[in-house]
Amino acid sequence: MVSVVKNSVEKQHHVKKRVPGVSDAASKRSAKLTETLLKKKHVVRPRKAHLTAFSRIVSGELLAGFAAVKSIREGYPAHILKSASSFFDVPDARIQSIAQVPATTASRLEKKQANIDPAATERIYRMGTVTRMAIDVFENQDAAIKWMCQPNRTLGGVAPLDLMDTEPGAVSVRQVLNAIETGGVA
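Its first residue numbered 1, the sequence shown is counted upward by one per residue in the UniProt record's numbering.
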């Protein structure tokens, strides 16, 4: 599917279509932006400067073997909850609910600059790994985030993000992503 989109974009560069109300300069900027986005398809970009904590998980920086086990056992800093909600552009309460960290606890831990417990950390880690998989499948971070946050018929009308609170939920999301990647119906 990606190659079809890529070929379509390449063909657009060779065929000059005049779009009413759009200048040639605007068309060239749009084509250049599309080309740039296709080249950067696997780059995880923080959506805002302060989002590095969750972005590091999604990028795979904190996902390797025993280092991941150790960091989960120690717990992630509480501010990662806000980082994740900003990354997905969802309310803090949604991420707190998925991580199963009450708002008052999240606030208290953040003020103390303390870590969330290992169980909540594992949910955030799971959220990051599945998001990484979605980015790889869709080859576009914004498309993956949108897919993660919107209800999905295949998943019983639940958004993939909201299934990250349990491993069986994450398994279901991974199965759907595998089906999409291999051309199956999802």
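Yeah, the Cβ is synthetic: ideal placement off N, Cα and C, and Gly gets one too.
Residue i, buried or exposed, once every other Cβ within 10 Å from all chains shown has been counted against 16
i	result
V15	Reliability fails at V15, whose pLDDT of 38 lies under 50, so the model's placement of it is uncertain and the value that follows must be treated cautiously. The residue is exposed, with fewer than 16 neighbouring Cβ atoms inside 10 Å.
E122	buried
N140	buried
A120	buried
N178	exposed
Pick from the options that is closest to residue i, judged by C-alpha positions
i	options	result
F54	S83, P77, A78	S83
I57	G75, A144, M127, D117	M127
P168	V130, D142, E110	V130
D142	S59, F88, P118, G75	F88
residue 199	P118, G156, R132	Shown here, the chain extends from 1 to 186; a query on residue 199 therefore has no answer.
I72	V90, I116, S59, S107	I116
P69	V101, P91, Y125	The question names Pro, yet the displayed sequence has Val at residue 69. Residue Y125 is the option with its Cα nearest to V69.
V90	C149, G156, A67, K112	C149
Test item: CB-CB of residue i and residue j under 7 Å
i	j	result
A114	A170	no
V176	T154	yes
Other residues of its chain near residue i: CB distance less than 8 Å, five sequence neighbours each side excluded
i	result
W147	A134, F138, P160
I98	R123, M127, L161, D162, M164, D165
D92	L81, K82, S85, A103, A106
Q100	A119, A120, R123, D165
Sequence-distant residues of the same chain with beta carbon closer than 6 Å to residue i, five excluded per side
i	result
I95	L81, A84, S85
7 Å CB neighbourhood of residue i in its chain, flanking five on each side removed
i	result
E181	V137
G60	R132
I145	F88
E67	A small correction: the amino acid at residue 67 is Ala; Glu does not occupy that position in the sequence shown. There are no such residues.
G157	P151
E110	A78, H79
K112	none
Residue-chain proximity (residue i, chain D), Cβ-Cβ < 7 Å
i	result
A78	Chain labels in this structure do not include chain D; a single protein chain is all it has.
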